[in-house]
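A short worksheet on the structure shown next.
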C-alpha cells in the first residue's frame, strides 16, 4: 500500500545513497560489502544520521540506571547498545542503520563513480526469446493450472449468497462455474546474453590475500555486467598444472599446491565457449587472474596461440589481472603485453594490493566493450 | 462514547470493549477528553510512529529514517509498537491490527490513563490553543473544561504550508533549511508560555539621571566621607555599567528561536518554516517535561483496571507477560514506565498510611517508621493531586525518598576512562537524586541564552551556555553554530567551558575557532 511516508523515505534513501557514493571507493577496497550480500540486495551499515544540536557530552554526563550490581561494575563499552545516553527514559543508544541497496543500484553508483561507459552489446539484437508469464485468471483451462485459492473463494461466495453455507459445518464444494485457472501471456523480447568465464590460478603461490582481491574484483565485475545484460551467466575455472571447471564456492576456496600451466585453463575456457556459448549469440567475457608465474615459455606460447585463434575472436574482451604474490615472477603479463600490445580486446592490469582494485576495475570495464 | 468516535474504522467488537473500558476508567475517577481509537496495520503504525503520531506533517527525510529504523526492527521482531496516543482534543489513539484482544484491552486502558493526564496535568495547559499567547494559569480544571487542542489539524497545516514553499523553492533548499532549524529546535524557553506572549522590553523609556549613593554624614564631615573625586569616579563606572546594560538584548534570552524570528534577516518563507518548527517544539515540551509521570500514570491505571475489572482468568498470564515487558528494566537505562508507576504506588501507600508531614519527618526510629500506619487513606486523593500539579522535576524532587531509591535499586553510572567502559558509580541517595534531576532539567538539554546580538560591535551573535558541570559535545556544538550562522547571516559564537576552562566557540561562516574567553 502506498504510504505518505514513502516520500520522506525516498528522501532519506537519497541522502544515504549520497553517503555510500562518497565512501564507495573505501567500501570497494575493504570488500566488506560482499559478506553482506543477499539475493538481490546488499545491506550496508550506515551510521545513523543525526541532527546536530547543542547537547551534553554523554561521557561527561553519565546517567542513571536501575537494577543489580556493585559500584564499579561494568555496564558495557562505549558504542555498544548499553547505556541509554542522555535523557531519562529517552534510552536510545546509537544505532547503526542497515540500509538495503540493490546490486543494480550499487552497479550504477560504481558506474558513476568510475565513469564507466555503458557497454555496447555485439549487434545481435535479432535474437529474441519467447517468455511466458502468468498474468491473470480465467474461467477455462487445464486442471493442472487450477488456482485453488480463487476457486475456493468463488465457491465460498456462491455458497454464502445462495445460503447453502453453514458456519457450524463449513464445507465448501466447488462447482464447475467456480473454477478459476491461471492464464499467461507470451512476450517476445530481444535478449542480449552474456557470460563471464572466470579463470584463476590456484597454484601454491596464490595466497589468501590474492584470492580475496580476485573475489572483490569479481563481485564488482559481476555487478556491473549484470546491470548491462539481462541474463548474465558466470562460469568458473581453476587451474594449477591442470584445469577444471568448478562452482563459485569451490572457485574461491580451493587451494592447490601444484605448478602452473596456464594453457590448461585456456583450453577449458575454449571448450566451454565451443560447447555452450556460440559467439554470435553471446557476449563473452573471459577474466583470468594469476600471479603471472607460468611453468615454461613453451606453455606461454601455447597460451598465446589459443588466445589468438579462438578466445580473442570469440570474446568481447579478454581481461587478465595479475595479482602480486611474493612467489610469482610476474612474467606472464609482460609476455601478454608483448604479443597483444595492440590488440584492443585484450586488457591487462597489475593489481599489487587492495588499493589497486578500484583502478583495475576501471581499467577492465572502462572500454565499454 | 462520543458521537464522532463512531466514524473511525474500529471493528464492532472493539467498540464494545472501548465502551466498557471507558466506563470502568470513569468509575475510577479518571477524567479524559473524548477518545477515538483507530486501527492501523503494522506499516501504518510504523509510519505514524515515525511522524510522531501525526498522520500528516511536513516532508522531511528524518521521518523516513525513523520509518526505516522502525520497520526494520519490526521485521526482525526486535520491537513492536503497541500504543500511540496524541494529545489532541478529541484524543486520537491507534491500535495495532492483529494484536490479541488482551493486548488491545491493555492498550485501551493505558490510553485512557494518558488522556486523563493530558487533560489534567498543568504542563499540558500550554497546548490549549484558545489560550496560546496568553498567560497560562495552572489552576485545576473547571468541570466543563474542554480546550481547543486541534493539533492534528495544526500540524497538517504546517505540512501544507511547508509543502507550498517546497514546490516554490525546491526540496533541497527548503529541506536543508529545515535541517538547520531542527538543529536549533531545543533552544526555546519551556517556561515562556506561562509568561504570556513573547514581548520586547520597553525601550522608549528615558534614562534616569544617575544618582551616586552617598554615605550619611554630618555636613562638616561630608567632603571627607564622600569625597568629590570618589563620587566622580563612581558616577563614571555606573555610567559605563548602564551603557553595557544597554546592549542588545537587554537581558539574556532563552528563547533563541523567538529572538531569531524577531531579529534575524530571514526571508518570508524561512520565517514561516522557523515559526512552524518553533510551534511544534513547544507542543512537545509538556510531553518531555512529564515523561516519567505520564507513562507512570498510564501504567498505574492500566494495571489497576486490568487486574481489578477487565481481565478474565485465562488472560492473566498473557497480560502479566506483556506488563512485565513494559516495566522491564535493563542495565544502564532508566525505564520511565517503571520508575513512574512505582513512585505513584509509593506515594499512594505513604499517604494511605499517613507517612507525611512533620511528625513523620521528625521520626528517626527505623522500626517506628517501618510500621507507621495512621490509616488516613488519603492515597488516592493525593496521587490525583500529584498528577495535576507536578512535572517530572518537582515529582522527583518532592517524592523520591532514600527508602524508595534503595528499594528500586537506583544507581548512577559514568564513563571510566581507565577501563574504557561504562561503570556503576554510586548508589548514594543524594547522588542518584542529583543526577536524575540534572537529567530532567531542561529535558537534559544544556541551557543556552542569547546575551549579545552585537558582539564585538560587529553584529555577531553571542550565546552563553550556562555551564553546570557538564561540557557541551564539541562537534555537535560546532554544527549547531553553523545552523545558527545560516539564520543570523553573521558570525556566531557560544561561550562555554571546556575542561574547566572558559572558552568561546566561534564560527564565522568558513572556519571554526576556539579561544579562551570569559563572559
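Residue numbers (the working numbering), protein chains in the order written: chain R, 1 to 369; chain B, 1001 to 1519. Each residue gets a CB set at the ideal place from its N, CA and C atoms; glycine is no exception. Note that this is a predicted model, so its numbers are computed, not measured.
Legend entry - Interface flag, residue 18(R) vs chain B, CB-CB below 7 Å: Working through the first chain from its first residue, we reach residue 18(R) at position 18. Look at residue 18(R): its C-beta is not under 7 Å from any C-beta on chain B.
Inset, instruction - Using alpha carbons as the reference points, say which of 1166(B), 1299(B), 1186(B), 1103(B) lies closest to residue 56(R). - result: Along the first chain, read from residue 1 onward, the residue named residue 56(R) stands at position 56. Taking the Cα of residue 56(R) as reference, the smallest distance to any Cα among 1166(B), 1299(B), 1186(B), 1103(B) is reached at 1186(B).
Legend entry - Whole-angstrom C-beta distance between residue 1055(B) and residue 1152(B), which should lie under 8 Å: Taking the first residue of the second chain as 1, we reach residue 1152(B) at position 152. Taking the first residue of the second chain as 1, we reach residue 1055(B) at position 55. Confirmed, Cβ separation roughly 7 Å.
Legend entry - Cβ shell of residue 1106(B) (< 7 Å), same chain only, five flanking positions each side left out: Position 106 of the second chain, counted from the first residue, corresponds to residue 1106(B). Counting only Cβ-Cβ distances below 7 Å, and skipping sequence neighbours, we find 1302, 1306, 1319, 1322.
Legend entry - Start-to-end residues for the alpha helix (DSSP H) that takes in residue 1302(B): Position 302 of the second chain holds residue 1302(B). Residue 1302(B) -> alpha helix (DSSP H) spans 1291-1305.
Legend entry - Chain-ordered chain B contacts of residue 70(R) [CB-CB under 8 Å]: Sequence index remark: in the first chain, residue 70(R) carries index 70 (1-based). Residues of chain B passing the Cβ test: 1424.
Inset, instruction - Please report the Cβ distance between residue 1443(B) and residue 1251(B), rounded to the nearest whole angstrom; I am assuming they are in contact, meaning their Cβ atoms lie under 8 Å. - result: Walking along the second chain from the start, residue 1443(B) turns up at place 443. Walking along the second chain from the start, residue 1251(B) turns up at place 251. With a Cβ gap of about 23 Å, residue 1443(B) and residue 1251(B) do not count as contacting.
Inset, instruction - Identify every run of the alpha helix (DSSP H) within the stretch 1441-1495 of chain B, keeping only runs that are complete inside it and at least 4 residues long; order them along the chain. - result: Runs of the alpha helix (DSSP H) lying entirely within the stretch 1441-1495 of chain B and spanning at least 4 residues, in chain order: 1474-1488.
Inset, instruction - Under 6 Å Cβ to Cβ from residue 1514(B), same chain only, skipping five residues before and after it: list those, please. - result: Your numbering for residue 1514(B) matches position 514 in the second chain. So the list reads 1503, 1505, once near-sequence residues are dropped.
Legend entry - Beta carbon of residue 958(B) nearer than 7 Å to that of residue 1463(B): Since the first and last residues shown for chain B are 1001 and 1519, residue 958(B) lies out of range.
Inset, instruction - Give a yes or no on whether the minimum CB-CB distance between residue 1047(B) and chain R is below 7 Å. - result: Along the second chain, read from residue 1 onward, the residue named residue 1047(B) stands at position 47. Residue 1047(B) counts as touching chain R.
Inset, instruction - Determine which residues share a DSSP beta bridge with residue 184(R) and list them. - result: Reading the first chain from its first residue, position 184 is the one you call residue 184(R). Under DSSP, the beta-bridge partners assigned to residue 184(R) are 134(R).
Inset, instruction - Take residue 24(R) as the anchor and find which of 46(R), 11(R), 40(R) has the nearest alpha-carbon. - result: The residue given as residue 24(R) occupies position 24 in the first chain. When only C-alpha atoms are compared, the closest one is 46(R).
Inset, instruction - Give me whichever residues DSSP pairs with residue 1412(B) in a beta bridge. - result: Along the second chain, read from residue 1 onward, the residue named residue 1412(B) stands at position 412. 64(R), 1426(B).
Inset, instruction - Could you round the C-beta distance between residue 288(R) and residue 206(R) to whole angstroms and report it? I think they count as a contact, below 8 Å. - result: Here residue 288(R) refers to the residue found at position 288 of the first chain. Here residue 206(R) refers to the residue found at position 206 of the first chain. Actually they do not touch by this definition, with Cβ atoms about 12 Å apart.
Inset, instruction - Measure from the alpha carbon of residue 294(R) to the alpha carbon of each residue in 181(R), 273(R), 204(R), then state which is nearest. - result: Your numbering for residue 294(R) matches position 294 in the first chain. Looking at the Cα atoms, 204(R) is the closest of the given residues.
Legend entry - Reduced DSSP secondary structure (H/G/I, E/B, other) of residue 43(R): As a first step, residue 43(R) must be located in the first chain, where it is residue number 43. Taken through DSSP and simplified to helix, strand or coil, residue 43(R) comes out as strand.
Legend entry - residue 1512(B): first and last residue of the uninterrupted beta strand (DSSP E) it sits in: The residue labelled residue 1512(B) in the question sits at position 512 within the second chain. Unbroken beta strand (DSSP E) run through residue 1512(B): 1512-1516.
Legend entry - Whole-number beta carbon distance between residue 29(R) and residue 354(R), since they are thought to touch under 8 Å: Here residue 354(R) refers to the residue found at position 354 of the first chain. Here residue 29(R) refers to the residue found at position 29 of the first chain. By a beta-carbon distance limit of 8 Å, residue 354(R) contacts residue 29(R). Their separation comes to about 5 Å.
Legend entry - Pair within 7 Å by beta-carbon distance, residue 1414(B) and residue 1425(B): Translated into the one-based positions of the second chain, residue 1414(B) becomes position 414. Translated into the one-based positions of the second chain, residue 1425(B) becomes position 425. Yes. Within cutoff.
Inset, instruction - For residue 218(R), decide whether its Cβ has a neighbour in chain B, counting only Cβ atoms nearer than 7 Å. - result: Counted from its first residue, the first chain places residue 218(R) at position 218. Not closer than 7 Å to any Cβ of chain B, the Cβ of residue 218(R) fails to qualify, so no.
Legend entry - Cα-Cα separation, residue 1126(B) to residue 1359(B): Taking the second chain and counting its residues from 1, one reaches residue 1126(B) at position 126. Taking the second chain and counting its residues from 1, one reaches residue 1359(B) at position 359. Rounded to whole angstroms, residue 1126(B) to residue 1359(B) spans 38 Å at the Cα level.
Inset, instruction - Run down chain R in chain order and give the residues with a C-beta less than 7 Å from the C-beta of residue 995(B). - result: Outside the shown range of chain B (1001 to 1519) lies residue 995(B), about which nothing can therefore be said.
Inset, instruction - Give the single residue among 1081(B), 1476(B), 1343(B), 1041(B) whose Cα lies nearest to the Cα of residue 52(R). - result: In the first chain, the residue the question calls residue 52(R) occupies position 52. Checked all of 1081(B), 1476(B), 1343(B), 1041(B); the closest Cα to residue 52(R) is 1476(B).
Legend entry - Continuous alpha helix (DSSP H) stretch holding residue 1045(B): start and end: Taking the first residue of the second chain as position 1, residue 1045(B) is located at position 45. Annotation for residue 1045(B): the continuous alpha helix (DSSP H) segment containing it runs 1042-1050.
Inset, instruction - Give a yes or no on whether 7 Å exceeds the smallest Cβ distance from residue 22(R) to chain B. - result: As a first step, residue 22(R) is located in the first chain; it is residue number 22 there, counting from the start. Chain B contact via Cβ: absent.
Inset, instruction - Measuring alpha carbon to alpha carbon, tell me which of 75(R), 71(R), 7(R) ends up nearest residue 1420(B). - result: To locate residue 1420(B), count along the second chain from 1; it is residue 420. If you compare the alpha carbons of 75(R), 71(R), 7(R) with that of residue 1420(B), the shortest gap goes to 75(R).
Legend entry - Contact list for residue 52(R) against chain B, beta-carbon separation under 7 Å: Locating residue 52(R) in the first chain gives position 52, counting from the first residue. 1183, 1476, 1479, 1480, listed in chain order.
Inset, instruction - Output the distance between the C-alpha atoms of residue 1512(B) and residue 1492(B), rounded to the nearest integer angstrom. - result: Residue 1512(B) sits at position 512 when you count from the first residue of the second chain. Residue 1492(B) sits at position 492 when you count from the first residue of the second chain. Each residue's Cα considered, the two are about 10 Å apart.
Inset, instruction - Decide if residue 66(R) is buried, meaning its Cβ has at least 16 other Cβ atoms within 10 Å, or exposed. - result: Taking the first chain and counting its residues from 1, one reaches residue 66(R) at position 66. Residue 66(R) is buried by the Cβ-count criterion.
Inset, instruction - Would you kindly work out how many angstroms separate the C-alpha atoms of residue 3(R) and residue 253(R), rounded to a whole number? - result: For this step, residue 3(R) is matched to residue 3 along the first chain. For this step, residue 253(R) is matched to residue 253 along the first chain. Roughly 45 Å between the two C-alpha positions.
Inset, instruction - Report, in whole angstroms, the separation of the C-beta atoms of residue 1112(B) and residue 1030(B), which I expect to be a contact under 8 Å. - result: Your numbering for residue 1112(B) matches position 112 in the second chain. Your numbering for residue 1030(B) matches position 30 in the second chain. Correct: roughly 6 Å between the Cβ atoms.
Legend entry - Own chain partners of residue 1084(B) with C-beta closer than 8 Å, once the 5 adjacent residues on each side are dropped: Residue mapping note: residue 1084(B) aligns to position 84 of the second chain, counting from 1. Cβ neighbours of residue 1084(B) beyond the five flanking positions: 1045, 1048, 1049, 1053, 1093, 1094.
Inset, instruction - Show which residues of chain R have a CB atom less than 8 Å away from the CB atom of residue 1412(B). - result: Translated into the one-based positions of the second chain, residue 1412(B) becomes position 412. Within chain R, the residues near residue 1412(B) are 62, 63, 64, 65.
Inset, instruction - Under the assumption that residue 1435(B) contacts residue 68(R) (Cβ atoms under 8 Å), give the Cβ distance between them as a whole number of angstroms. - result: If you number the second chain from 1, residue 1435(B) lands on position 435. If you number the first chain from 1, residue 68(R) lands on position 68. Incorrect: roughly 19 Å between the Cβ atoms, too far for contact.
Inset, instruction - Identify the continuous alpha helix (DSSP H) that holds residue 1160(B) and give its terminal residues. - result: The residue labelled residue 1160(B) in the question sits at position 160 within the second chain. First-last of the alpha helix (DSSP H) with residue 1160(B): 1151-1169.
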